Amino acid sequence: MGTMFARGLKRKSAEDGEDVEGGLAGTQATPSYSLQRQSLLDMSLVKLQLCHMLVEPNLCRSVLIANTVRQIQEEMTQDGTWRVVAPQAAGRAPLDRLVSTEILCRSVREQEGERPAPDVGDGRMPGLVPGLSAVPSAQALRSPQSSLWEVDSSRENRGGFQKSLDQIFETLESKTPGSVEELFSDVDSSYYDLDAVLTGMVGSTQSGHGSGLQAFTSAATPPPGSSCRSDLGELDHAVEILVET
Amino acid sequence: MAGAGGGGCPAGGNDLQWCFSQVKGAVDEDVAEADIISTVEFNYSGDLLATGDKGGRVVIFQREQENKSRPHSRGEYNVYSTFQSHEPEFDYLKSLEIEEKINKIRWLPQQNAAHFLLSTNDKTIKLWKISERDKRAEGYNLKDEDGRLRDPFRITALRVPILKPMDLMVEASPRRIFANAHTYHINSISVNSDHETYLSADDLRINLWHLEITDRSFNIVDIKPVNMEELTEVITAAEFHPHQCNVFVYSSSKGTIRLCDMRSSALCDRHAKFFEEPEDPSSRSFFSEIISSISDVKFSHSGRYMMTRDYLSVKVWDLNMESRPVETHQVHEYLRSKLCSLYENDCIFDKFECCWSGSDSAIMTGSYNNFFRMFDRTTRRDVTLEASRENSKPRASLKPRKVCTGGKRKKDEISVDSLDFNKKILHTAWHPAENIIAVAATNNLYIFQDKVN
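Chains as they are written, first to last, in UniProt numbering: chain A, 1 to 245; chain B, 1 to 453.
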């Protein structure tokens with residue numbers, strides 16, 4: 001008895017939606033339920049981003065949060081409230097390249113000083129931007145990031161959220177190239193993958209994404225272009241370290 | 001040293017009157033992070049009680065022999081040995097720190113005068129030998145009393161060194177270091193009943209070790225998917241069966257328990273038994289999976305049952321019945337309506353442990369506000385008690401506590417909204433034979449025992 005969805009949420013909001021009874025499927029229409037669900041989704045995404053601390057984050061917690069996000073997405077897809085925004089290939093490339101290099105070099109570089117916070121005002125790709133906080137100065141970037149994730153953010157930002165989640169789920173569903181693992185065969189790179197995935201960083205092999213994202217996947221496989229030479233240099237450095245130890 | 005109320009099969013829970021015995025740790029309001037206790041474990045006889053903390057230290061307490069002149073105070077636990085088990089490390093390849101926090105301590109059965117225990121942090125397991133020295137050799141030929149080497153040409157006579165008594169010194173030395181076998185964070189270690197092997201479990205893998213061999217371990221469970229994007233479930237705890245050395249169980253973040261038999265194959269990815277309670281569709285919410293995640297699994301001493309702890313309840317399973325538990329005990333059901341807040345402040349991810357009494361007749365687990373819960377399986381009664389400095393008078397009885405869930409709050413009840421979620425009791429231990437319990441409340445260790453008749 002009682003509203004089993006409302007039971008899981010804050011009491012004061014639950015009272016608003018108290019007229020909604022029965023299965024989850026029956027609650028889709030109410031605006032307060034959608035708001036609660038969106039709020040939960042936003043909170044979960046923030047939690048996933050904040051995983052990047054000095055110490056390796058708790059994998060169990062990350063998996064449970066990611067599963068919660070997936071559940072919400074599934075329900076929103078059934079509702080028809082899930083909107084997939086088409087990626088804007090051209091605009092994404094510069095940021096992507098920055099990020100993909102960062103992921104590759106993370107293992108190799110010493111912790112750097114603070115990076116200047118990127119311009120996030122346009123709300124275009126918040127999913128990518130928080131990934132930069134994965135790198136050393138999580139604290140420095142956290143405050144500009146957290147303003148992104150406010151529940152009462154603008155419609156534009158919400159579109160951005162949809163897109164970032166979409167990226168996460170695309171990568172969750174698609175296969176990663178296993179070639180990164182070949183290079184780091186002595187080291188289990190799987191934690192990288194999950195880390196990258198949870199921030200929506202890992203490039204999928206699907207077409208339609210900018211060339212920048214391809215740079216990540218192709219750095220491990222023989223790179224077609226010269227854009228990845230610097231990445232390879234970093235990888236060589238990493239291999240050197242492995243060999244010496 | 002059996003003591004007045006010991007031996008036999010003591011009942012637990014409500015039939016006993018629990019009394020305060022001792023509290024260890026600083027009284028300060030400001031708690032240093034390093035002092036937070038992260039594991040508590042009695043040894044096989046119950047004479048030794050080990051704690052590990054976030055600072056990587058192990059403190060072992062020893063029970064004093066009963067004092068005839070003070071028959072009412074049963075043997076107290078006093079510090080026996082303190083040592084730094086693990087140090088913080090830095091993984092240069094991943095640019096990440098490896099915490100020195102002691103996740104688990106497990107004692108080995110005693111085989112000689114020395115005591116052995118395994119302690120582990122996220123990545124490395126260490127076997128420690130704790131031995132006593134109460135004699136010292138004097139009268140060496142080649143060195144002075146202060147240890148300086150004597151000039152051999154000056155020695156004109158030979159003497160036999162003699163052993164002289166000295167103040168008791170307890171030394172802890174690392175005898176084995178089991179490293180580099182876990183990519184993910186170790187959550188469990190369990191000594192096998194063969195006393196030769198043990199298992200260590202991380203989020204995705206379980207390894208089997210021989211206590212003598214540190215450069216090799218066998219991987220017996222691997223649930224890592226080929227593509228990490230497909231990861232939806234992790235291992236949360238694992239334990240060997242207390243009597244059958246080929247059997248172990250592991251629990252998952254999806255609320256399932258798998259029992260594996262090492263005789264069936266080298267890699268136990270296929271379980272022999274699968275325990276899962278069907279979900280109650282009427283209580284389904286977005287938090288259902290998270291609260292079903294099992295934080296601890298413990299076999300009963302008899303080996304016939306096992307107990308699992310999830311966020312809101314403790315369940316007892318009969319190993320012969322996989323379809324559902326035989327008992328379910330609600331720990332703090334009043335939190336069910338607060339799950340969103342608890343998700344927000346991360347409390348929903350707290351990993352509570354649970355333990356059996358020596359006779360398996362009672363079980364205990366922790367909660368918030370420094371409350372802990374005890375369930376008597378025979379009388380079916382339960383009680384909520386509190387570990388606090390206010391109730392710290394010697395031999396003072398603990399008064400049962402009650403949480404008010406709504407409506408009028410009675411006197412002495414505490415309302416759900418007043419609970420302190422920073423005061424969580426995650427680690428508790430029950431003496432293997434007597435009714436003595438150790439409860440870790442942040443940086444303090446409380447010891448309670450039943451009233452001596």
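C-beta: ideal position from N, C-alpha, C; glycine also.
Model, not experiment: these values are computed from the prediction.
- Leaving aside the five residues that flank B/Gly-46 on each side, the residues in its chain whose CB is nearer than 6 Å to its CB run, in chain order, His-431, Pro-432, Ala-433.
- Sorting B/Arg-136, B/Trp-128, B/Pro-152, B/Ser-300 by C-alpha distance to the C-alpha of B/Leu-142 places B/Pro-152 at the top.
- Sequence-distant Cβ neighbours of B/Tyr-305 in its own chain, meaning closer than 8 Å and more than five residues away, are Phe-299, Val-316, Trp-317, Asp-318, Leu-319, Val-326, Asp-360.
- If you ignore the 5 residues before and after B/Asp-420, its C-beta comes within less than 6 Å of the C-beta of Asn-369, all in its own chain and listed in chain order.
- Under the Cβ criterion (8 Å, minimum of three pairs), the stretch 273-287 of chain B does not count as touching the stretch 215-227 of chain B.
- For the stretch 309-325 of chain B, the set of positions with a beta-carbon nearer than 7 Å to some beta-carbon of chain A is empty.
- Note that the C-beta distance between B/Phe-448 and B/Phe-20 is below 8 Å.
- Across the structure, A/Ser-39 and A/Arg-70 are spaced so that their CA atoms are roughly 14 Å apart.
- At least one C-beta of chain B is nearer than 8 Å to the C-beta of A/Gln-71.
- Residues of the stretch 157-187 of chain B whose Cβ lies closer than 9 Å to any Cβ of chain A, in chain order: Thr-183, Tyr-184, His-185, Asn-187.
- Sorting B/Glu-233, B/Glu-33, B/Ile-37, B/Ser-285 by C-alpha distance to the C-alpha of B/Ala-429 places B/Ile-37 at the top.
- Neighbourhood of B/Leu-199 in chain A, by CB distance below 7 Å: empty, with the nearest CB roughly 18 Å away.
- If you check each beta-carbon in the stretch 250-274 of chain B against every beta-carbon of chain A, the ones closer than 7 Å belong to Ser-253.
- Distance check between B/Ile-425 and each of B/Asp-412, B/Tyr-343, B/Glu-413, B/Ala-441 places B/Ala-441 closest, using alpha-carbon atoms only.
- Chain order gives the chain A residues near B/Val-234 as Leu-59, Cys-60, Val-63, where near means a beta carbon separation below 8 Å.
- Inter-residue distance for B/Lys-338 and B/Ser-95 is about 37 Å (C-alpha atoms, whole angstroms).
- Assigned with DSSP and collapsed to three states, B/Ile-186 falls in coil, not helix or strand.
- With respect to B/Glu-64, B/Gly-75 sits close: the two C-beta atoms are nearer than 8 Å.
- The residues Ala-137, Glu-138, Gly-139, in chain order, have a CB closer than 8 Å to that of B/Ile-162 in the same chain once the five nearest residues on each side in sequence are set aside.
- Neighbours of B/Ser-293 across chain A, judged by C-beta separation under 8 Å: Cys-60, Leu-64.
- The C-beta of B/His-185 has 16 or more other C-beta atoms within 10 Å across all chains shown, which makes the residue buried.
- Not a single CB atom of chain A sits nearer than 8 Å to the CB of B/Glu-89.
- Per DSSP, the continuous alpha helix (DSSP H) segment holding B/Tyr-343 begins and ends at 339-344.
- Per DSSP, reduced to three states, the secondary structure at B/Glu-327 is strand.
- Counting C-beta atoms within 10 angstroms of its own C-beta, B/Thr-156 has fewer than 16 neighbours from the protein chains shown and is therefore classed as exposed.
- Of all residues in the stretch 340-366 of chain B, only Cys-340, Ser-341, Tyr-343, Glu-344, Asp-346, Ile-348, Phe-349, Lys-351 come within less than 9 Å of chain A when Cβ atoms are compared, listed by chain position.
- Per the DSSP secondary-structure output, B/His-115 pairs in a beta bridge with B/Ile-130.
- At a cut-off of 8 Å, the C-beta of B/Asp-203 has a neighbouring C-beta in chain A.
- Under the DSSP assignment, A/Leu-40 falls in the alpha helix (DSSP H) whose first and last residues are 31-49.
- Distance from B/His-210 to B/Lys-123 at the Cβ level is roughly 19 Å; contact not present, criterion being Cβ atoms closer than 8 Å.
- The C-beta of B/Glu-333 has fewer than 16 other C-beta atoms within 10 Å across all chains shown, which makes the residue exposed.
- A/Glu-56 belongs to the set of residues whose beta carbon lies under 8 Å from a beta carbon in chain B.
- With respect to B/Val-314, B/Val-249 sits apart: the two C-beta atoms are not nearer than 8 Å.
- Buried is the label assigned to B/His-115, since at least 16 other Cβ atoms lie within 10 Å of its Cβ.
- Contact between the stretch 401-411 of chain B and the stretch 339-353 of chain B is absent: fewer than three C-beta pairs spanning the two stretches fall below 8 Å.
- For the stretch 74-88 of chain B, the set of residues with a beta-carbon nearer than 8 Å to any beta-carbon of chain A is empty.
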